[in-house]
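Written out below as structure tokens is the structure these notes cover.
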Amino acid sequence: MLPHEAHISACSVRTDITPTSPVPMSGYGARSGLSTGVNDPLSATALVLDDGATTIAIVSIDVLNVSRELTRGVWRTLEQNGLHLDDLLLAATHTHAGPYVPSRALDASPVLRSEIDVSASLDELQTSLVEAITDAYEGLETASIRVGHAQEETVPVNRRAEGGVGGNVRLPDGPIDPNVTALLVETNTGNRTLVYSFACHPVCTTGEETLLSADWPGYARNRIEAEHPGIEVLYLNGAAGDINPRDAGTSRSGADVYEYMEYIGSQVGDAALRALADTESGGNQQIERSPIRIDSATVTFPVKATPPVDVLQKRIESLESTLQRLEADGDETGYAKINWDKRYAEELLAIAEWDATCLPNRLPYVTIGDLGILGMPGEVLVRHGLELRDSAAVSTLIPAGYVNDYVGYLPTLADLENIGYEVRTMKLAPEAIVEFREKAMGLVAPER
304 MLPHEAHISA CSVRTDITPT SPVPMSGYGA RSGLSTGVND PLSATALVLD DGATTIAIVS
364 IDVLNVSREL TRGVWRTLEQ NGLHLDDLLL AATHTHAGPY VPSRALDASP VLRSEIDVSA
424 SLDELQTSLV EAITDAYEGL ETASIRVGHA QEETVPVNRR AEGGVGGNVR LPDGPIDPNV
484 TALLVETNTG NRTLVYSFAC HPVCTTGEET LLSADWPGYA RNRIEAEHPG IEVLYLNGAA
544 GDINPRDAGT SRSGADVYEY MEYIGSQVGD AALRALADTE SGGNQQIERS PIRIDSATVT
604 FPVKATPPVD VLQKRIESLE STLQRLEADG DETGYAKINW DKRYAEELLA IAEWDATCLP
664 NRLPYVTIGD LGILGMPGEV LVRHGLELRD SAAVSTLIPA GYVNDYVGYL PTLADLENIG
724 YEVRTMKLAP EAIVEFREKA MGLVAPER
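Numbering (the numbering used here), first residue to last: 304 to 751.
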């Protein structure tokens, strides 16, 4: 089919992925044991787009992260079943109240790694994703895509500006990304899917809570669906590595946690509704006959250098002795600081014990007309997203985080000047930042 003859077809399918039995949870090191119930259901929403020559699937999943192994497993099973995709974007919403999905970078943190066998629940998740994508493919209908925009400046805060995780960073002018981008995908029979992007951590819950939850994205979906019954909602997180909801650090427990979660979700949902309404604006982009273009870039992502294993082991032993003394002295402030140091040292030890010097990955980039979606594998800090969008050759760029794998935090070089949680726990070398920026810019701004 010639490019000028391309016509978009689309279909979306949402499936419930809530575990049916207790599972280890991801997101907070304070958790131990298994989930104890469900606050709100977890889901995966698959959108398949086809132009007659190229087929892609974009899937939003209510989990903290996906892994390279999960992505490969889904893609391989689809191929074995006879469904060929030209590209696949599995995007975690990054809820901190979802089931544990192992990945090498996540498991470098002893407090985030689970020793419980989750192979059965992973198989169930993979099967659910394959079925949702297959059902969406089989339901393809002629469709159009309209683009809308809104701003939400009251919800997001730069957590490094506010003191950071561990409270050791002060950046009074830390940036946020207030952009809410909406894609209204509407078929000729009236089926509608809202794809919206917004960069913000889903961290309304706490490490003490053990109820499974989609966090604020679930409540945002409820808010949107209340105004537009029958619409499917697909959320893409962004460059949210250092972005939290406002007041996320306030101490809460029990019902107060979920009341706050609903409040943040309603605020974001209202912003998504404004962006959805903006898709009806006559001056905005409408896509019907543009071909789907697939590009990608391979990144090697070198792992950061660490001290030798024996040095780190001695360092951890020394820190443990210090912690015992501080606990005996009742020095809670000193204990908290040294405990963070011990955690960082344990993560360095895990990296030092890896049998690889890099975490190779792929950056998928999909363009449809003047719309671009860039997949980024991990916790990309907000400056990357802002600068990529400002430089993009397309008029609308969605820099989607937590896509197809998890490599941990990816700060900018400027972020390295302010040591804090995101910098200290990054698994990659500074050279990886340069490589990511060059490859990502090469995709979104090839003429730059």
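For each residue, glycine too, the CB sits at the ideal point set by N, CA and C.
All values reported here derive from a predicted model rather than from experimental measurement.
Cα-Cα, which of the options is closest to residue i?
i	options	result
Q570	E583, G533, R526 and V606	R526
D420	T374, N494, G385 and L337	L337
C503	L497, G568 and T357	G568
R317	V498, T380 and A309	V498
R379	Y668, I436 and Q627	I436
L539	Y566, V366, S554 and A659	V366
P605	A558, A659 and K640	A659
I534	P714, E734 and G493	G493
Work out the CA separation of residue j and residue i for me, nearest whole Å.
i	j	result
N547	E512	18 Å
H307	N384	Legend: pLDDT at H307 = 45, less than 50; position of this residue unreliable, value from coordinates given subsequently. Their Cα atoms are separated by approximately 31 Å.
E766	N491	This structure cannot settle anything about residue 766, because the visible part of the chain is limited to 304 through 751.
M304	A600	Because the pLDDT of M304 is 37, which lies under 50, any placement of that residue in the model is unreliable, and the number read from its coordinates should be weighed accordingly. About 26 Å.
Y331	P413	11 Å
Q588	R577	16 Å
Y712	E750	28 Å
E418	P405	10 Å
L487	I361	14 Å
R524	L393	18 Å
D634	I619	19 Å
T670	S447	15 Å
R665	R334	32 Å
T374	E427	14 Å
T496	W643	43 Å
V560	G745	42 Å
A748	L381	32 Å
S422	A580	42 Å
V377	A631	51 Å
E489	V706	24 Å
T321	V369	15 Å
V458	Q429	33 Å
Y668	P610	36 Å
Y440	S500	23 Å
P327	E583	43 Å
Compare the beta carbon distance of residue i and residue j with 9 Å and say whether it is the shorter of the two.
i	j	result
L754	L388	An answer regarding residue 754 cannot be provided, because it is not within the stretch 304 to 751 covered by the chain.
I654	K617	no
V460	A551	yes
V710	L719	no
Y522	G572	yes
T396	S431	no
L674	S698	yes
T398	A517	yes
P763	M679	What the structure shows of the chain is the stretch from 304 to 751, and residue 763 is not part of that stretch, so it cannot be assessed.
L662	K645	no
G541	G451	no
A408	D354	no
E434	V602	no
D708	R371	yes
Y566	R555	no
Run through DSSP, which three-state label would residue i get?
i	result
T323	coil
A543	coil
A575	helix
N664	strand
P548	strand
D658	coil
H452	strand
I619	helix
D598	strand
L305	Here L305 scores only 38 on pLDDT, less than 50, and its place in the model should not be relied on; the value that follows carries that caveat. Reduced to three states, the DSSP call for L305 is coil.
G385	coil
Y499	strand
M744	helix
H609	Note on identity: in this sequence residue 609 is Thr, with His being the wrong assignment. Reduced to three states, the DSSP call for T609 is coil.
A395	strand
P402	strand
Which same chain residues, not among the five before or five after residue i, have their C-beta less than 6 Å away from its C-beta?
i	result
E456	P481
L652	L615
A574	A453, E455 and V483
R319	Just to set this straight, residue 319 is Asp in the shown sequence, not Arg. Excluding positions up to five away in sequence, the list reads P344 and S346.
S593	I671 and G672
A696	A748
Who are the near neighbours of residue i in its chain, counting only those whose CB is closer than 7 Å to its CB and skipping five residues on each side?
i	result
L352	I311, A313, I359 and I595
L622	I641, D644, K645 and A648
Would the beta-carbon of residue i be found less than 8 Å away from any heavy atom of the ligand GDP?
i	result
E750	Only the bare structure without any ligand can be found here, which leaves the ligand GDP out of the picture.
For a cutoff of 9 Å on Cβ pairs, would you count residue i as touching chain D?
i	result
D518	As a matter of chain content, chain D is missing from the structure shown, which is built from one protein chain.
To which residues of the same chain is residue i closer than 8 Å at the C-beta, ignoring the five residues directly before and after it?
i	result
V506	G330, H399, D518, N547, P548 and A551
D410	R416 and A653
Y647	R727 and T728
I597	T357, I359, D389, D390, P667, Y668 and V669
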